[in-house]
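The structure appears right after this line, and notes come after that.
In the numbering used here, the protein residues as written are 337 to 420.
Following this line, the structure appears as structure tokens:
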């Protein structure tokens, strides 16, 4: 991990990106207002980002204590279908 001033990052942007993309090193840039930003590759970002659970897993985790779920019989001729 390297720490760059905003001016250094601007002057050596190619080198900064090379470190990020090929070496997978996060780069910190300290802005003129003292705030800091981190530059990482998209690949590394996606590895760190939590994955959303599947609908099936969500249903298992969130509907577990809901009791029995009553579903209408699909063969029932007069059942209401609200989205037709």
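In this text, a Cβ means the ideal position worked out from N, Cα and C, and glycines have one as well. This one's a predicted model, so the numbers in the text were calculated from it and none came from an experiment.
> Where does residue 363 sit, in a helix, a strand or coil, going by DSSP?
Replying inline: It is a strand residue.
>> Within 10 Å of its beta-carbon, does residue 363 have 16 or more other beta-carbons around it, so buried, or fewer, so exposed?
In response: Its Cβ being crowded by 16 or more others within 10 Å, residue 363 is buried.
> On the three-state DSSP scale, how would you describe residue 292?
Replying inline: Because residue 292 is not part of the residues shown, which for the chain are 337 to 420, the question remains open.
> So residue 373 and residue 382 are in contact, right, with Cβ under 8 Å, and what is the actual spacing, rounded?
Replying inline: Residue 373 to residue 382, Cβ: 19 Å. No contact.
> Are the beta-carbon atoms belonging to residue 400 and residue 408 less than 8 Å from one another?
Replying inline: no
> Hey, residue 375 and residue 352 are a contact pair by Cβ (cut 8 Å); roughly how many whole angstroms apart?
Replying inline: 7 Å
> With DSSP run on the structure shown, which of helix, strand or coil describes residue 376?
Replying inline: coil
> What separation, rounded to the nearest whole angstrom, lies between the Cα atoms of residue 377 and residue 344?
Replying inline: Their Cα atoms are separated by approximately 19 Å.
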